[in-house]
Amino acid sequence: MVIRYSVQCTRDYYGPNCTTHCIPRDGTSGHYTCDLKTGGRVCRPGWHGPQCRVYCIPRDDDVNGHFTCQTGTGLKICLANWYGVLCKTYCAPINNSDAGYNCDVTGSRVCLPGWYPREQCETLCIPHNDSTASYTCDSQTGSKTCLSGWSGPECDCRPRLDASAGYTCNETTGQKICYPGWYGRNCNVACSPRNDSTGHYNCNADTGAKECLESWIGEQCDVYCVPDNQTHSCLANGTRKCQQHWYGQQCHVFCQPRPIQYTCQSTTGAKVCSQGWYGEDCSTFCKARDSDWFGHFDCDRNGSRVCHMYWHGPECKAYCKPHRNSTLGYYRCDDHGNPLCERDWYGTKCTVYCRPRDDEEGHYSCGAVDGRRVCLEDWYGENCTVHCVADKEGHFTCDGKTGQRVCLPGWGGQDCQQGKAHLGRTLVGRVAQIQKKTE
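So that you can map any letter, position 160 of the sequence shown is 160 in full-length UniProt numbering, and since no number is skipped, the others follow by simple counting.
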């Protein structure tokens, strides 16, 4: 036989043996309910601690604070950068150009070195003493106290007059007051109006920048430039801006491209010849050839024809090759391709040799065309070796070929010095002598 039974605790008692006493509360003695199994206290929402007497609900607003609640104790745990009992004091550590500080446990600012005043830390002041500024710092406010000779809120102005700048200082504002001839915010721009060989300009009252007089341009206003609507305009940097088709530093070179003949160099305006065109103006056309119909030539840099070897003439169509032998002749070639006989050679093919002489071997010159010997005056014969001078008294002349004496009428004898009457008597006497001898 099996006996089953259950134990039911009396009201307000809990646990396996009904020994845990718990009465739910929601008042000054606590704010909780009871766990139905163990009888342990279960704090109501928002309540914490062993007796559930500590009230805490997480907040994140400026009225109630910025915190969470510690589990078990209900203590307030401030959110990041929030401090104080109610977590309503905000403090975030910072170190930039606006401020420099850390935060203590109360949320108060703790200034970093060089930042003032206390608990604000929004004024930066680090004692300074060099060529840019000179001052000490007030220990309470951090305000700058200028050293002797320096002035202005930043103690960064000290009167100066040297090769780099010239000014005095406003004692209150520290603003630089430029001396005459100095300009700019820092009075470091020197400018004196000019109208001479060094420049032609006035000075801008604020910046000291040079303002060129009319028709003068360039950094020093020393370049004279009058705009020309046809060729150029003038730029502020002292250069000319050439109009279309005008080139060169002075825009004085005109060049309008002709694609078939030439283009224009972008800076100088020099004509850049297209293929086959030559000369300074690209006006000469030349295309290399090597045919009997068009000629045999290359082209030089000026577009002139340069004949191939042995070709001559303006169109390089005349062929002439120099020779120096007895078969083909002795000659060179002129610019037109015509043979020019070498010295002492003559004839249409320069195969006739003739060297002029005037000695015992002959006395002659050479025919300019065929090279035949031409006897000098009073010389005759094949080699012009026979000398004959016609008698001035008229007794004889000379044979044009042989040079033999030819007696004139009425004269005879070996030297043509005897008259014919004398010759007749002499002849009769000789005949009589011959007859006597024969008898």
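Cβ atoms here follow ideal geometry from the backbone N, Cα and C, with glycine treated the same way.
Report yes if the CB atom of residue i is closer than 7 Å to the CB atom of residue j, and no otherwise.
i	j	result
Tyr32	Val42	yes
Pro117	Thr132	no
Tyr14	Gly39	yes
Cys191	Tyr179	no
Cys320	Gly337	yes
Cys78	Pro93	no
Cys273	Cys282	yes
Gly27	Cys52	no
Asp335	His312	yes
Asp370	Arg355	no
Tyr201	Glu211	yes
Tyr331	Leu340	yes
Glu189	Gly208	In the sequence under discussion, the amino acid at residue 189 is Val, which differs from the Glu named in the question. Result yes, Cβ atoms of Val189 and Gly208 sit closer than 7 Å.
When you compare only the Cα positions, how much space is there between residue i and residue j?
i	j	result
Trp293	Gly303	19 Å
Cys251	Thr267	10 Å
Gly174	Ile217	37 Å
Val428	Asp359	Caution is warranted here: a pLDDT of 43 is assigned to Val428, below 50, making its placement in the model unreliable, and no coordinate value can be reported.
Cys18	Ser6	12 Å
Lys88	His128	39 Å
Asp300	Gly199	49 Å
His387	Ser326	33 Å
Gly400	Pro314	47 Å
Phe67	Glu119	24 Å
residue 521	Gln230	Any property of residue 521 remains undetermined from this structure, which presents the chain solely from 1 to 439.
Trp115	Thr136	13 Å
Arg194	Tyr167	22 Å
Ala318	Asp298	15 Å
Pro159	Cys169	6 Å
Ile3	Pro16	19 Å
Cys316	Tyr310	9 Å
Thr426	Cys375	Caution is warranted here: a pLDDT of 49 is assigned to Thr426, below 50, making its placement in the model unreliable, and no coordinate value can be reported.
Glu219	Leu235	11 Å
Asp98	Asp156	21 Å
Asp206	Gly181	11 Å
Ile434	Gly412	In this predicted model, Ile434 has a pLDDT of only 46, less than 50, meaning its place in the structure is not dependable enough to derive any value.
Ile126	Cys91	24 Å
Ser215	Asp228	11 Å
Val406	Asn383	20 Å
Tyr353	Gln414	37 Å
Asp396	Gly419	Per the sequence presented here, residue 396 reads as Phe, with Asp not at that position. Rounded to whole angstroms, Phe396 to Gly419 spans 12 Å at the Cα level.
Gly367	Cys398	22 Å
Cys9	Pro45	27 Å
Gly410	Thr402	22 Å
Thr20	Ile57	29 Å
Val431	Cys416	Confidence is the limiting factor: at Val431 the pLDDT is only 42, short of 50, which leaves the residue's position unreliable, though a coordinate-based value still follows. Spanning the two alpha carbons is a distance of roughly 21 Å.
Trp47	Glu122	42 Å
Leu328	Gly248	60 Å
Arg289	His296	5 Å
On the premise that residue j lies in contact with residue i, defined as a C-beta separation below 8 Å, what is that separation, rounded to the nearest angstrom?
i	j	result
His363	Arg372	The pair is not a contact, with the Cβ atoms about 15 Å apart (cut-off 8 Å).
Ile23	Asp12	5 Å
Leu213	Cys221	7 Å
Cys187	Ala165	5 Å
Trp150	Ser134	5 Å
Trp246	Gln261	No, Trp246 and Gln261 are not in contact; Cβ-Cβ is about 19 Å, not under 8 Å.
Using DSSP bridges, identify the partner residues of residue i.
i	result
Val374	Ser365
His308	Answer by DSSP bridge pairing: none, since His308 is not bridged.
Gln417	DSSP lists no partner for Gln417.
Lys241	Ser233
Asp359	Gly362
Ser134	Asn129
Arg25	Tyr32
Asp228	His232
Which complete beta strand (DSSP E) runs does the segment 42-107 hold, if anything under 3 residues is left out?
Taken in chain order, the complete beta strand (DSSP E) segments of 3 or more residues contained in the segment 42-107 are 59-61, 65-69, 76-78, 100-103.
Taking the runs of the beta strand (DSSP E) that are 3 residues or longer, which of them lie wholly in the segment 136-211?
Fully enclosed beta strand (DSSP E) runs of 3 or longer: 144-146, 166-169, 176-178, 194-196, 199-203.
Whole alpha helix (DSSP H) elements within the UniProt domain "DSL" (271-316), 4-residue minimum:
With a minimum length of 4 residues, there is no unbroken run of alpha helix (DSSP H) contained wholly in the UniProt domain "DSL" (271-316).
If we require 3 or more residues per run, which beta strand (DSSP E) segments fall completely within the segment 245-272?
Runs of the beta strand (DSSP E) inside the segment 245-272: 262-264.
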